[in-house]
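So the sequences go chain by chain: A and B. Note that the working numbering has the first sequence beginning at 1, numbered continuously upward. Note that the working numbering has the second sequence beginning at 1001, numbered continuously upward. What follows is a single structure, written as structure tokens, with notes after it.
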Amino acid sequence: MIATPLHEMEMRKAYAETLVELADSDPNIVVIEADLGKASGTIPTFSEAHPERFIDTGVAEANMIGIGAGLAVEGFVPFCASFTPFASRRVYDAITISVAYADANVKIVGTAPGITTGANGGTHMCFQDLAIMRAMPNMTVFSPCDAWELASCVRWMAEYEHPCYMQMIRPLQPQVFGEDYAFDPHTAVRMSEGDAATLVSTGWMTQFARQAVSELAAEGVAVDHFHYASVKPFDEESLLESASRTGLVVTVENQSVIGGLGGAVCEVLSERLPTRVKRLGVHDRFGEVATEEYLLNKHGMNVEHIKAACTEGA
Amino acid sequence: MPEEFDREAFDDLAGEFRYVITDMICRAGSGHLGGALSLVETIITLYWRIMRFDSANPHWEGRDRLVMSKGHAGPVLYVALAYRGFFPKQELKTINADGTRLPSHADRLQTPGIDMTAGSLGQGLSAACGFAMGGRIRKQSHDVYCVIGDGESDEGMIWEAAMFAGHNKLDNLVAITDYNRLQIDGFTDEIMTLEPLADKWRAFNWEVMEMDGHDWDDLHTTIDAARAFRGKPVMIIAHTTKARGCSVVQDLPESHNIKVGGPEDFEKFMCALECQGYELPYEVQ
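As structure tokens, this is what we get:
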């Protein structure tokens, strides 16, 4: 059981410090915010380190995306952040046309994804960003699980010359990976081995999946657990190899079960290896003001639910 | 084709532009004729008298940038780019054909010389702000031009960008509103009035200039003054006539996207052109 994290770090701290580090050596790195620079950590860390490359559009997310597109066409590498609903669904067409269709090298960061937005409630609780961003051609979609993976992901995004979308979690995250971790969007990370079930998680839910796996291991049940920081591109081969041995796949994500990680898993399996799948996540509901514990329980996606899904039919 | 300004030669060039644009759109079977014809003199002025570019090197860093935010005016831009040597004039006849590099709406990945993709209205001015911010960060001296539509100005994103450019005093940015007073559903005054348009832009901290968008002297004097202006971005309100020069649809909402059903329609639009007798710059069957 993962009771005490070895180390914790806010992702936004890692985000801002990594961007400063990148910008120190790359004059093309630019940060654009839409009045949420403090929330994403770039104020004051980046804004003071590189004020000439820090842009705040005020509360105008579509304009943030469009300015990012213009800068990207000029060869800059803009990182644009806002709360997840405003960085994705609110500006979906601006991203689709000015960024993805125009192949403008813009990096979009959605902060406080899913139920982690807590007290801001239903208006701010976005459950569909992984799904809608995944459905967009020329877009890559990532959800790292800790600050170390996020830092590596940001470095990878800065090198990659096409559009990216990344979720960034607000609460302190327990350390999962170390300094030597290298983000690779083409390969899922195997967290544990076993034959009882294949457990697939991403982003914020990976910590709970790990805890479930650990508790199941103590009970003598070995689960094949994969962390998919990249929902697109999607590592099909790891999933297929595991599913062919376990015959049961459980997905868990801080999102709607429609179209996101669970959707990606079902698409792959239904075409290449029909396998029973249990999707944990939000089942076609809006969010609400509530604690994370309450919402995890309400939507059937806490540690106990994950354990039950992995042992279903056993 | 004139290199230096000569009134008669420029009038002749504008007539040829309208002839070729209308022919291209008729051959394609449909297209946005009205908004392309209203911009003929503006685009000629920009590409013959104002903008710095290198057609052999469309991405030349020192070039002036142009964002055609009303992306459906692609056809007038394609004729200008072809006549200025960005690609062969022969290619103009491929507009909207399968596999073409000349889509109905401007696409930076398809057409040499197109700086930004547009078509979903309202987005181009933000991209132009990005271009202008980029030039400022790199301390470059080029100018950024952005053409927006009057109907397009209904979009909220235009005003997000307007506020941004005004706040940041982007004086390397010149925007032009193609104020032909028509949008798809009717006259802008009836559908969604823009007035007082000049005051709106002034209120967003822009310098505002107005010009007759079909008068060579006014166009050149105004755009030249706008690019030299310092301290604020400049909005030029270009008073234009939609589908100028094609009498059957001139100043009518129907000109926005014409449908050409067959040879009779083709002839109707071509015969309605005020200026005639041009040789097409491409072979036709």
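For each residue, glycine too, the CB sits at the ideal point set by N, CA and C.
The beta carbon of E1160/B sits closer than 8 Å to some beta carbon of chain A.
For C153/A, the three-state secondary structure derived from DSSP is helix.
Residue state for H305/A is assigned as helix, using DSSP reduced to three classes.
Contact between M191/A and E253/A does not hold, since the beta-carbon distance rounds to 15 Å and is not under 8 Å. A contact between stretches requires three or more CB pairs, one per stretch, nearer than 8 Å, and the region 1084-1099 of chain B fails this requirement with the region 1120-1138 of chain B. At a cut-off of 8 Å between beta-carbon atoms, T57/A makes contact with chain B.
Nearest C-alpha to E1190/B among P1058/B, R1202/B, E1041/B and D1150/B: D1150/B.
Considering only E1207/B, V1067/B and M1157/B, the residue with the shortest C-alpha distance to I1237/B is E1207/B. In the three-state scheme derived from DSSP, where H, G and I count as helix and E and B as strand, F54/A is classed as strand. As the crow flies, the alpha-carbon of M1163/B is around 31 Å from that of T18/A. Look at the region 1137-1149 of chain B: the residues with a C-beta under 7 Å from a C-beta of chain A are I1137.
Identification of chain B residues near Y101/A by a Cβ-Cβ cut-off of 7 Å yields T1117, ordered along the chain. Under DSSP, V268/A shares a beta bridge with no residue.
Minimum Cα-Cα distance from F1269/B among the listed residues Q1250/B, Y1047/B and D1218/B corresponds to Q1250/B. Excluding sequence positions up to five before and after M1051/B, its CB lies within less than 6 Å of the CB of D1064, all in the same chain and listed in chain order.
In the DSSP assignment, E253/A falls within the beta strand (DSSP E) that extends over L248 to S256.
Apart from sequence neighbours up to five positions away, the residues of its chain that approach P144/A with a beta-carbon distance below 6 Å are L150, C153 and A229, ordered along the chain. Shown here, D1143/B sits in coil according to DSSP, grouped into three states, outside any helix or strand.
In terms of CA proximity to D1185/B, N1257/B leads the group R1138/B, N1257/B, A1203/B and V1079/B. Closest in alpha carbon position to M1211/B, among I1176/B, R1227/B, G1071/B and S1153/B, is I1176/B. For L1121/B, the secondary structure class from DSSP, reduced to helix, strand or coil, is coil.
Annotated as proximal: F127/A and V282/A, with beta-carbon spacing under 8 Å. Considering only A39/A, H50/A, M9/A and F83/A, the residue with the shortest C-alpha distance to I29/A is H50/A.
Our two residues, D146/A and Q1110/B, have alpha carbons roughly 40 Å apart in a direct line. Looking at the DSSP output, K1259/B sits in a beta bridge with S1030/B. DSSP places E1207/B within a strand segment (E or B) once states are collapsed to three.
A direct Cα-to-Cα measurement between E33/A and F79/A gives close to 8 Å.
Any Cβ of chain B closer than 8 Å to the Cβ of L71/A would place that residue at the interface, and such an atom is present.
Taking each of T1221/B, H1059/B, P1112/B and K1200/B in turn and checking the Cα distance to R1049/B, the smallest one comes out for T1221/B. For L172/A, there is no enclosing alpha helix (DSSP H), since its DSSP letter is neither H nor E. With its beta carbon at least 8 Å from every one in chain A, G1213/B lies outside the interface. With a cutoff of 8 Å on beta-carbon distance, S244/A and F226/A are scored as not near each other. For R53/A, the nearest CB of chain B lies under 8 Å from its own CB, placing it at the interface with that chain. Following the DSSP letters along the chain, one finds M1116/B in no alpha helix (DSSP H), marked with neither H nor E. Taking 7 Å as the upper bound on Cβ-Cβ separation, chain B lies near residues F76, D93 and A94 of the region 76-94 of chain A.
Identification of chain B residues near N138/A by a Cβ-Cβ cut-off of 8 Å yields none; the smallest Cβ-Cβ distance measures about 10 Å.
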